[in-house]
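To keep things clear, I will list the structure first and then write my remarks on it.
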Amino acid sequence: MTSKLENALQRARDEGHGGKGPEAEFGPGHGNRALRRREDHRRAIASMDEGPLHTAEFLDERRIIHPGMNQPEVANRFRELRTRLFELRPTGNFSLLVTSVVPSGGATFTGLNLAAAIALDQSRTSLMIDANLGEPRLQEILDLRPELGLADYLEDDTLDIARILYTSGIPRLRVIPMGRRREGAAEFFTTVRMHRFMEDVQSRYPDRYVVVDAPALSESADARILADLCDYVLLVVPYGRVTRPQMEHAVASIGQDRLAGVVMNDEPTWD
Numbered sequence: 001m002t003s004k005l006e007n008a009l010q011r012a013r014d015e016g017h018g019g020k021g022p023e024a025e026f027g028p029g030h031g032n033r034a035l036r037r038r039e040d041h042r043r044a045i046a047s048m049d050e051g052p053l054h055t056a057e058f059l060d061e062r063r064i065i066h067p068g069m070n071q072p073e074v075a076n077r078f079r080e081l082r083t084r085l086f087e088l089r090p091t092g093n094f095s096l097l098v099t100s101v102v103p104s105g106g107a108t109f110t111g112l113n114l115a116a117a118i119a120l121d122q123s124r125t126s127l128m129i130d131a132n133l134g135e136p137r138l139q140e141i142l143d144l145r146p147e148l149g150l151a152d153y154l155e156d157d158t159l160d161i162a163r164i165l166y167t168s169g170i171p172r173l174r175v176i177p178m179g180r181r182r183e184g185a186a187e188f189f190t191t192v193r194m195h196r197f198m199e200d201v202q203s204r205y206p207d208r209y210v211v212v213d214a215p216a217l218s219e220s221a222d223a224r225i226l227a228d229l230c231d232y233v234l235l236v237v238p239y240g241r242v243t244r245p246q247m248e249h250a251v252a253s254i255g256q257d258r259l260a261g262v263v264m265n266d267e268p269t270w271d
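Next comes the structure, spelled out in structure tokens:
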């Protein structure tokens, strides 16, 4: 099914850019071509093999947004956040690192729900990557039983990304779990293989948005290393648990050019 999707999206790209010269891209027919291209992507994405889907009860228990949930205001907050992120890059996809200032700050809660909000759009897909080596939680939250994960891929040069890519039980949302917990393996994220991995997962599909779940800035250098591999960083601040100096240090360590925004989180977390 992956190759089927890839072929369909490639046809959509070829058809959308079949003209020559500036008028082909920006002339009177550009809007119609963009709409056709979006519809082609929607049909291609609809052909994806989603596997078994989680029930509404399962998602409610884990506080994951979904259509028809009993707390639409929660879903609307993440839809609004999604829209603001799209405004940063009106065309093309992006990669986003989600990290908290302090441990158990709600980064996983925020990142997964943002990925789910992106996937609510039937013409887009999202990919959630668990990059928390010390405390990987994604596979537990989504009730996955992965044989392999990101750490295995980075350790084994013969592994293909397809071996660590899993359906999530949520339509149009794919996940890459960390796999078996590792200790003292910060060098994973500085390797050439990790750089190429991030380039590949973002470039393979133009309508796939990559969300990376990272450990807290205060407990690991991994978040700062991973921030350099992503287009943007979303900083999660747990309400009442972060001092002003901690906040200023976190923003400085990320850099204003990459900081997409700050989210105040007062929700219970999985951490």
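Quick note: the sequence shown uses full-length UniProt numbering, first residue 1, plus one each step. Beta carbons are placed, not taken as given, at the ideal position from N, Cα and C, and that holds for glycine.
I'd like the list of long-range same chain contacts for Val242, defined as Cβ closer than 7 angstroms, with 5 residues on each side in sequence excluded.
The residue given as residue 242 occupies position 242 in the sequence shown. Hits under 7 angstroms: Val101 and Val102.
So, for Arg89: in the same chain, excluding its five sequence neighbours on each side, which residues have a beta-carbon less than 8 angstroms away from its beta-carbon?
Walking along the sequence shown from the start, residue 89 turns up at place 89. The residues are Asp231.
Compute the beta-carbon to beta-carbon distance between Val237 and Ser126, rounded to the nearest angstrom, for a pair I have assumed lies under 8 angstroms.
Taking the sequence shown and counting its residues from 1, the one referred to as residue 237 is at position 237. Taking the sequence shown and counting its residues from 1, the one referred to as residue 126 is at position 126. Going by Cβ atoms, the distance from Val237 to Ser126 rounds to 23 angstroms, so no, they are not a contact pair.
Whose C-beta lies closer than 6 angstroms to the C-beta of Glu140 among residues of the same chain, with five residues either side of it excluded?
For the purposes of this step, residue 140 is taken as residue 140 along the sequence shown, with counting starting at 1. None.
With H, G and I counted as helix, E and B as strand and the rest as coil, what does DSSP make of Leu259?
As a position in the sequence shown, residue 259 is number 259, starting the count at 1. Of the three classes helix, strand and coil, the one that applies to Leu259 here is strand, per DSSP.
If you draw a straight line from the C-alpha of Glu50 to the C-alpha of Ala260, how long is it?
Within the sequence shown, the letter at position 50 stands for residue 50. Within the sequence shown, the letter at position 260 stands for residue 260. Those two C-alpha atoms are separated by around 30 angstroms.
Could you pull the start and end residues of the beta strand (DSSP E) that Val237 belongs to?
Along the sequence shown, read from residue 1 onward, the residue named residue 237 stands at position 237. Tyr232 to Pro238 is the extent of the beta strand (DSSP E) around Val237.
What's the gap between the Cα of Gly85 and the Cα of Met198?
The count along the sequence shown starts at 1 and reaches residue 85 at position 85. The count along the sequence shown starts at 1 and reaches residue 198 at position 198. The sequence shown places Leu at residue 85, not Gly. Going by the C-alpha atoms only, they are around 19 angstroms apart.
Assuming Pro171 and Ala119 form a contact by the criterion Cβ under 8 angstroms, report the distance between their Cβ atoms to the nearest whole angstrom.
Here residue 171 is taken as the residue at index 171 of the sequence shown, counted from 1. Here residue 119 is taken as the residue at index 119 of the sequence shown, counted from 1. Yes, Pro171 and Ala119 are in contact; Cβ-Cβ is about 6 angstroms, under 8 angstroms.
Exposed or buried, which one is Arg124 when buried takes at least 16 other CB atoms within 10 Å?
Position 124 of the sequence shown holds residue 124. The residue is buried, with at least 16 neighbouring Cβ atoms inside 10 Å.
Do Ile176 and Leu159 come within 7 angstroms of each other at the CB atom, strictly closer than that value?
Numbered from its first residue, the sequence shown carries residue 159 at position 159. Numbered from its first residue, the sequence shown carries residue 176 at position 176. Taking 7 angstroms as the Cβ cut-off, Leu159 and Ile176 do not qualify as a contacting pair.
Does the Cβ of Gln256 have 16 or more other Cβ atoms within 10 Å, making it buried, or fewer, making it exposed?
Here residue 256 refers to the residue found at position 256 of the sequence shown. Classification of Gln256: exposed, given that the 10 Å Cβ count is below 16.
Exposed or buried, which one is Arg11 when buried takes at least 16 other CB atoms within 10 Å?
Position 11 of the sequence shown, counting from 1, holds the residue named residue 11. With a pLDDT of 46 at Arg11, under the threshold of 50, the modelled position of this residue cannot be trusted, and the question is left open.
Which term fits Lys4, buried or exposed, when burial requires 16 or more other beta carbons within 10 angstroms of its beta carbon?
In the sequence shown, residue 4 corresponds to position 4, counting from 1. Low confidence applies here, because Lys4 scores a pLDDT of 44, under 50, leaving its location unreliable; read the following figure in that light. By the 10 Å Cβ count, Lys4 comes out exposed.
For Met128, which residues does DSSP report across the bridge?
If you number the sequence shown from 1, residue 128 lands on position 128. Val175 and Val211, per the DSSP bridge assignment.
Select from Pro67, Ala117 and Thr108 the residue whose C-alpha is nearest the C-alpha of Thr83.
One-based indexing of the sequence shown puts residue 83 at position 83. Among Pro67, Ala117 and Thr108, the Cα nearest to that of Thr83 is on Ala117.
What is the rounded straight-line gap between the Cα of Ala252 and the Cα of Pro52?
As a position in the sequence shown, residue 252 is number 252, starting the count at 1. As a position in the sequence shown, residue 52 is number 52, starting the count at 1. Cα-Cα distance, rounded: 43 angstroms.
Go through its chain and collect everything with a Cβ distance to Leu59's Cβ below 6 angstroms, but skip five positions before and after it.
Stepping through the sequence shown from its first residue, residue 59 is reached at position 59. Hits under 6 angstroms: His66.
For Arg244, is the classification buried or exposed, using 16 other Cβ atoms within 10 angstroms of its Cβ as the cut-off for buried?
Start at 1 with the first residue of the sequence shown, and residue 244 comes out as number 244. Exposed: under 16 other Cβ atoms inside 10 Å.
If you follow the alpha helix (DSSP H) that Thr83 is in, where does it begin and where does it stop?
Translated into positions along the sequence shown, residue 83 becomes position 83. Pro72 to Leu88 is the span of the alpha helix (DSSP H), which, as asked, contains Thr83.
Can you check DSSP and say which residues form a bridge with Tyr166?
Your numbering for residue 166 matches position 166 in the sequence shown. Note: Tyr166 sits in a beta bridge opposite Val175.
I need the boundaries of the alpha helix (DSSP H) containing Ser203, first residue and last residue.
Here residue 203 is taken as the residue at index 203 of the sequence shown, counted from 1. Val192 to Ser203 is the extent of the alpha helix (DSSP H) around Ser203.
Exposed or buried, what is Thr110 when buried is set at 16 or more other beta-carbons lying within 10 Å of its beta-carbon?
Residue mapping note: residue 110 aligns to position 110 of the sequence shown, counting from 1. Burial call: buried.
The beta strand (DSSP E) that contains Thr99, what's its start and end?
Here residue 99 refers to the residue found at position 99 of the sequence shown. Ser95 to Ser100 is the extent of the beta strand (DSSP E) around Thr99.
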